[in-house]
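> Shown below is the structure under consideration.
Protein chains: 2
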Amino acid sequence: MAEDVTLGIDVGGTKILGLALGPSGDALAQVRMPTTVTTPGVHPAEGGRLIDDLAAVVEQLRASLSGDVTGVGVGAPGLVDSDGVLRFAPNLPGGAGLDIAGELSARLGVPVVVDNDATCATVGEWMQGAAVGADDALMVTLGTGIGGGIVAGGRVVRGAWGFAGEVGHMVVDPGGPPCPCGKRGCWERFASGSGLGRLAREAAHAGHLDHVVLLAGGDPESVRGEHVTTAAQADDAEALAVLAEWGRWLALGLSNLALVLDTAVIVVGGGLLDAVALVFDSVRRSFAEMLEGAAFRPEVAIVPAVLGERAGAIGAALVARRGGRDRLVAS
Amino acid sequence: MAEDVTLGIDVGGTKILGLALGPSGDALAQVRMPTTVTTPGVHPAEGGRLIDDLAAVVEQLRASLSGDVTGVGVGAPGLVDSDGVLRFAPNLPGGAGLDIAGELSARLGVPVVVDNDATCATVGEWMQGAAVGADDALMVTLGTGIGGGIVAGGRVVRGAWGFAGEVGHMVVDPGGPPCPCGKRGCWERFASGSGLGRLAREAAHAGHLDHVVLLAGGDPESVRGEHVTTAAQADDAEALAVLAEWGRWLALGLSNLALVLDTAVIVVGGGLLDAVALVFDSVRRSFAEMLEGAAFRPEVAIVPAVLGERAGAIGAALVARRGGRDRLVAS
Chain L
1 MAEDVTLGID
11 VGGTKILGLA
21 LGPSGDALAQ
31 VRMPTTVTTP
41 GVHPAEGGRL
51 IDDLAAVVEQ
61 LRASLSGDVT
71 GVGVGAPGLV
81 DSDGVLRFAP
91 NLPGGAGLDI
101 AGELSARLGV
111 PVVVDNDATC
121 ATVGEWMQGA
131 AVGADDALMV
141 TLGTGIGGGI
151 VAGGRVVRGA
161 WGFAGEVGHM
171 VVDPGGPPCP
181 CGKRGCWERF
191 ASGSGLGRLA
201 REAAHAGHLD
211 HVVLLAGGDP
221 ESVRGEHVTT
231 AAQADDAEAL
241 AVLAEWGRWL
251 ALGLSNLALV
261 LDTAVIVVGG
271 GLLDAVALVF
281 DSVRRSFAEM
291 LEGAAFRPEV
301 AIVPAVLGER
311 AGAIGAALVA
321 RRGGRDRLVA
331 S
Chain E
332 MAEDVTLGID
342 VGGTKILGLA
352 LGPSGDALAQ
362 VRMPTTVTTP
372 GVHPAEGGRL
382 IDDLAAVVEQ
392 LRASLSGDVT
402 GVGVGAPGLV
412 DSDGVLRFAP
422 NLPGGAGLDI
432 AGELSARLGV
442 PVVVDNDATC
452 ATVGEWMQGA
462 AVGADDALMV
472 TLGTGIGGGI
482 VAGGRVVRGA
492 WGFAGEVGHM
502 VVDPGGPPCP
512 CGKRGCWERF
522 ASGSGLGRLA
532 REAAHAGHLD
542 HVVLLAGGDP
552 ESVRGEHVTT
562 AAQADDAEAL
572 AVLAEWGRWL
582 ALGLSNLALV
592 LDTAVIVVGG
602 GLLDAVALVF
612 DSVRRSFAEM
622 LEGAAFRPEV
632 AIVPAVLGER
642 AGAIGAALVA
652 RRGGRDRLVA
662 S
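Chains L and E, in that order, give the protein sequences.
The numbers in the numbering used here rise by one with no breaks, and the one at position 240 of the first sequence is 240.
So the number in the numbering used here is just where the residue sits in the second sequence, counting from 1, plus 331.
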């Protein structure tokens, strides 16, 4: 074939990002559109709109390419089983139950592989980003929640039903705040973007964070994670203190995972990377303090993701190029 | 060769158990002796006594065998690196820093492989016990602490430096009781044998557990996990209530691990298996309640270990037979 092009599409709660990956792994084209199927309570049958959206992204990419598209990879938020069915998708309610792989490949006439979005981002960073060459790596994506992906012994860890890497709902404080998942004290209640907002609102209600509250329009209840980041970037001491507390929760979960998996490289990505960048040193210090037997282990590298918002789409394309989820081994 | 015999030795804090595994995986001989190198504060150089103990076990086993010994596997409590050096051993202070593999193989003239004890037990149960045939399995050993071992995608997860599976020091309550490791609220502060004792002493001081306190000689401070188990086996309602609380902590950590790894089979073993047996149903119920998206996943099997105290030694022999720690893939 003249040019072996694979498409990768990352489905988020608010936007869909698609790109075309050329034979040497370079991005040839990119398309972005809003996600239309995010209304809570939407019946799974309505998920057909997600298929429409995905097909539209593929057609737009195809129109800008000269070569043949040999495969499509899709990263979706939630539990995606080994057959490419989205089983559980709290952040994409209309998509739950949808056989994305089956429906999209029937529509497009090309093979479609579907995978968890954070796992795709992990594959992207592992094969082309911050974790290249690491046989034991972990990626966490910090956004509204926390996603994750695991590489162990040079292979992507899939788990029995393809659901491995759901790190955000690890309970780190059973008496902690309630989580939409039904439990209390899940890690993402503390160390995600919404966790940062919650920690900040608590501080604001306690009379701190004047500058942050001002940024939020004057109401402590309106404080969000991004207000803290903005104030901290301007060296606001109180905002930096809240970020440091948030960073300790981040380090706690990372040290739990590193203990269980003995990870050499941890890649931190997602929309909150700007916030992490402000406290990276203290996160690394807290992590080392919390890791059992740290003095007897080589140092774990905790590094920022480098592919940005494209990580998931690049990873999805790489999964498709490798011929499926179970083929992801170190090359 | 006439008979390919491999030896497996499990080093515990109080005893050493060795056995000889015949070509078909059957145990041909067994030796048990007390561990002499367990005095806290002993200098690593004193660890030579551990090598003496291990060599004595090997000689006793050899004396009872007709065939040639082709390899020796040793399971040791602590962080054992990929070269077989015991890096960190809070429960075997005299052994820390010891190059067990190098020293023992020089002494014996046969290849020696050293591995973490809980990982050896995992290998034993995976290859000859409760998790045979499972490509994604987890074992936890409940004793004074909690050990663990992970099988993912048909391979034993080793981690970057051979330390994977240290599940006991996963923090599940950062405001919880202090742990000898330096942190607070490690899982093994709650769900191990010492965790059961602690929960029971708290209940006893609060005026509960009359029967258990009597078993302990009348002093609430003397209550240990085994007193709770004994009373619960006699249907004491208060003891069963403490066991149920303990079981919820067990389920919490297991659900964290199953989320991260998407495990199909969880094997529970170790000295506390008698206690778990009394609350297995409620542990399974709590686990299902705590597992995110449980309704959308196949049921995870939580099963008792079947190899008993021999699991670690059998697994150590199997690691040696396979030719080393990195060769452990599904056969």
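Here a beta-carbon is modelled for each residue, glycine too, at the ideal position from N, C-alpha and C.
Would you list, in chain order, the members of the segment 240 to 259 of chain L that have their beta-carbon closer than 8 Å to a beta-carbon of chain E?
252, 255, 256, 257, 259
> At a CB distance below 7 Å, what residues from the segment 89 to 121 of chain L approach chain E? Give them in sequence order.
none
> Return helix, strand or coil for residue 181 of chain L, following the three-state DSSP convention.
Working through the first sequence from its first residue, we reach residue 181 of chain L at position 181. Reduced to three states, the DSSP call for residue 181 of chain L is coil.
> Is there a Cβ of chain L sitting closer than 7 Å to that of residue 414 of chain E, yes or no?
One-based indexing of the second sequence puts residue 414 of chain E at position 83. No, no contact with chain L.
> Go ahead and pull the three-state DSSP assignment for residue 308 of chain L.
Locating residue 308 of chain L in the first sequence gives position 308, where the first residue counts as 1. Of the three classes helix, strand and coil, the one that applies to residue 308 of chain L here is helix, per DSSP.
> Quick one: grab the DSSP three-state call for residue 116 of chain L.
Mapped onto the first sequence, residue 116 of chain L falls at position 116. In the structure shown, residue 116 of chain L sits in a strand (DSSP, three-state: E or B).
> So what does DSSP say about residue 174 of chain L, is it helix, strand or coil?
Counting from one through the first sequence, the residue named residue 174 of chain L turns up at place 174. Of the three classes helix, strand and coil, the one that applies to residue 174 of chain L here is coil, per DSSP.
> Using 10 angstroms around the beta-carbon of residue 332 of chain L, count the other beta-carbons present and answer buried if the total reaches 16, otherwise exposed.
With chain L covering only 1 through 331, there is no way to say anything about residue 332 of chain L.
> Counting only Cβ pairs nearer than 8 Å, list the residues of chain L close to residue 653 of chain E.
As a working note, residue 653 of chain E is residue 322 in the second sequence. What residue 653 of chain E touches in chain L: nothing, since even the nearest Cβ is about 15 Å away.
> Roughly how many whole angstroms lie between the Cα atoms of residue 369 of chain E and residue 525 of chain E?
Along the second sequence, read from residue 1 onward, the residue named residue 369 of chain E stands at position 38. Along the second sequence, read from residue 1 onward, the residue named residue 525 of chain E stands at position 194. Confidence at residue 369 of chain E is low in this model, with a pLDDT of 49, below 50, so its placement is unreliable and the value that follows should be read with caution. Residue 369 of chain E and residue 525 of chain E: Cα-Cα distance of roughly 18 Å.
> In chain order, what residues of the same chain lie with their CB nearer than 6 Å to the CB of residue 285 of chain L, ignoring the 5 residues before and after it?
Residue 285 of chain L sits at position 285 when you count from the first residue of the first sequence. Cβ neighbours of residue 285 of chain L within its own chain (closer than 6 Å, five residues either side excluded): none.
> Return the Cβ separation of residue 198 of chain L and residue 189 of chain L in integer angstroms, given the expectation that the two are a contact with Cβ distance under 8 Å.
The residue labelled residue 198 of chain L in the question sits at position 198 within the first sequence. The residue labelled residue 189 of chain L in the question sits at position 189 within the first sequence. Indeed, because the Cβ distance is near 7 Å, the residues count as touching under 8 Å.
> Rounded to whole angstroms, what is the Cα-Cα separation between residue 648 of chain E and residue 458 of chain E?
By one-based count along the second sequence, residue 648 of chain E stands at place 317. By one-based count along the second sequence, residue 458 of chain E stands at place 127. Taking the straight line joining both Cα atoms gives about 11 Å.
> Looking only at DSSP bridge pairs, what is residue 358 of chain E linked to?
Reading the second sequence from its first residue, position 27 is the one you call residue 358 of chain E. According to DSSP, which records beta bridges pairwise, residue 358 of chain E is partnered with E:352.
> Taking the beta strand (DSSP E) that residue 596 of chain E falls in, what are its first and last residues?
As a first step, residue 596 of chain E is located in the second sequence; it is residue number 265 there, counting from the start. 596 to 600 is the extent of the beta strand (DSSP E) around residue 596 of chain E.
> Please work out which residues of its chain come closer than 7 Å, Cβ to Cβ, to residue 561 of chain E, disregarding the five sequence neighbours upstream and downstream, and give them in chain order.
Within the second sequence, numbered from 1, the residue matching residue 561 of chain E stands at position 230. So the qualifying residues of the chain are 546.
> Residues of the segment 475 to 503 of chain E with a CB closer than 8 Å to any CB of chain L: list them in chain order, please.
Residues 479, 481, 483, 484, 486, 488, 489, 490, 491, 492, 493, 494, 495, 496, 497, 498, 500, 501, 502, 503.
> Do you know offhand how far residue 493 of chain E's Cα is from residue 416 of chain E's?
Translated into positions along the second sequence, residue 493 of chain E becomes position 162. Translated into positions along the second sequence, residue 416 of chain E becomes position 85. Distance between the alpha carbons of residue 493 of chain E and residue 416 of chain E is about 10 Å.
> Quick one: is residue 206 of chain L buried, meaning 16 or more other Cβ sit within 10 Å of its Cβ, or exposed?
What you label residue 206 of chain L is simply residue 206 of the first sequence in a count that begins at 1. Result: exposed.
> Who are the near neighbours of residue 65 of chain L in its chain, counting only those whose CB is closer than 7 Å to its CB and skipping five residues on each side?
The residue given as residue 65 of chain L occupies position 65 in the first sequence. Taken in chain order, the residues that qualify are 5, 20, 28, 29.
> Pick from E:638, E:657, E:468: whose alpha carbon is nearest that of residue 589 of chain E?
Counted from its first residue, the second sequence places residue 589 of chain E at position 258. Checking every option, the nearest Cα to that of residue 589 of chain E belongs to E:468.
> According to DSSP, is residue 8 of chain L part of a helix, a strand, or is it coil?
Residue 8 of chain L sits at position 8 when you count from the first residue of the first sequence. In this structure, residue 8 of chain L counts as strand in the three-state DSSP scheme.
> Quick one: measure Cβ to Cβ for residue 153 of chain L and residue 579 of chain E, integer angstroms, because I've assumed they're closer than 8 Å.
Numbered from 1 along the first sequence, position 153 holds the residue referred to as residue 153 of chain L. Numbered from 1 along the second sequence, position 248 holds the residue referred to as residue 579 of chain E. That belief does not hold up - the Cβ atoms of residue 153 of chain L and residue 579 of chain E are roughly 33 Å apart, past 8 Å.
> Cα separation between residue 166 of chain L and residue 619 of chain E?
Within the first sequence, residue 166 of chain L is the residue found at index 166, counting from 1. Within the second sequence, residue 619 of chain E is the residue found at index 288, counting from 1. In this structure, the CA atom of residue 166 of chain L is about 15 Å from the CA atom of residue 619 of chain E.
> Would you list the one or two residues that DSSP bridges to residue 430 of chain E?
For the purposes of this step, residue 430 of chain E is taken as the residue at position 99 of the second sequence. DSSP, once it has assigned bridges, lists E:416 as partnering residue 430 of chain E.
> Assess contact between the segment 424 to 434 of chain E and the segment 110 to 123 of chain L, defined as three or more Cβ pairs (one per stretch) separated by less than 8 Å. Is contact present?
Flag = no, the segment 424 to 434 of chain E and the segment 110 to 123 of chain L do not touch.
> Report the option in L:141, L:210, L:132 whose CA atom is closest to the CA atom of residue 187 of chain L.
Reading the first sequence from its first residue, position 187 is the one you call residue 187 of chain L. When each option's Cα is compared against that of residue 187 of chain L, the closest is L:141.
> Using a Cβ cut-off of 7 Å (strictly closer), state whether residue 398 of chain E contacts chain L.
Locating residue 398 of chain E in the second sequence gives position 67, counting from the first residue. With its beta carbon at least 7 Å from every one in chain L, residue 398 of chain E lies outside the interface.
> Just to confirm my understanding: we take residue 655 of chain E, look at its own chain, exclude 5 residues before and 5 after, and list those with CB closer than 8 Å. What are they?
Counted from its first residue, the second sequence places residue 655 of chain E at position 324. Excluding sequence neighbours, residue 655 of chain E sits near 444.
> Does residue 328 of chain L get closer than 7 Å to chain E when you measure Cβ to Cβ?
Indexing the first sequence from 1 puts residue 328 of chain L at position 328. Residue 328 of chain L does not count as touching chain E.
> Which residue comes first and which comes last in the alpha helix (DSSP H) that contains residue 144 of chain L?
In the first sequence, counting from the first residue as 1, residue 144 of chain L sits at position 144. Looking at the DSSP string, residue 144 of chain L is not in any alpha helix (DSSP H), and its letter there is neither H nor E.
> Got a sec? Which residues, its chain only, sit under 7 Å from residue 329 of chain L by beta carbon, not counting five neighbours each side?
Within the first sequence, residue 329 of chain L is the residue found at index 329, counting from 1. Once the five neighbours on either side are set aside, the close Cβ partners of residue 329 of chain L are 154, 155.
> With a threshold of 7 Å between beta-carbons, can residue 319 of chain L be considered close to chain E, or not?
Sequence index remark: in the first sequence, residue 319 of chain L carries index 319 (1-based). Closer than 7 Å: no.
> Can you tell me whether DSSP reads residue 42 of chain L as helix, strand or coil?
Position 42 of the first sequence, counted from the first residue, corresponds to residue 42 of chain L. Because residue 42 of chain L sits at a pLDDT of 49, beneath the cut-off of 50, its placement in the model cannot be relied upon, and the following sentence gives the value as read from the coordinates. In this structure, residue 42 of chain L counts as coil in the three-state DSSP scheme.
> Answer yes or no: do residue 592 of chain E and residue 182 of chain L have a C-beta to C-beta separation smaller than 7 Å?
As a first step, residue 592 of chain E is located in the second sequence; it is residue number 261 there, counting from the start. As a first step, residue 182 of chain L is located in the first sequence; it is residue number 182 there, counting from the start. Against a cut-off of 7 Å, the Cβ pair of residue 182 of chain L and residue 592 of chain E comes out as no contact.
> Going by the CB atoms, is the gap between residue 176 of chain L and residue 168 of chain L shorter than 7 Å?
Here residue 168 of chain L is taken as the residue at index 168 of the first sequence, counted from 1. Here residue 176 of chain L is taken as the residue at index 176 of the first sequence, counted from 1. Their beta carbons are not under 7 Å apart, which means residue 168 of chain L does not touch residue 176 of chain L by this criterion.
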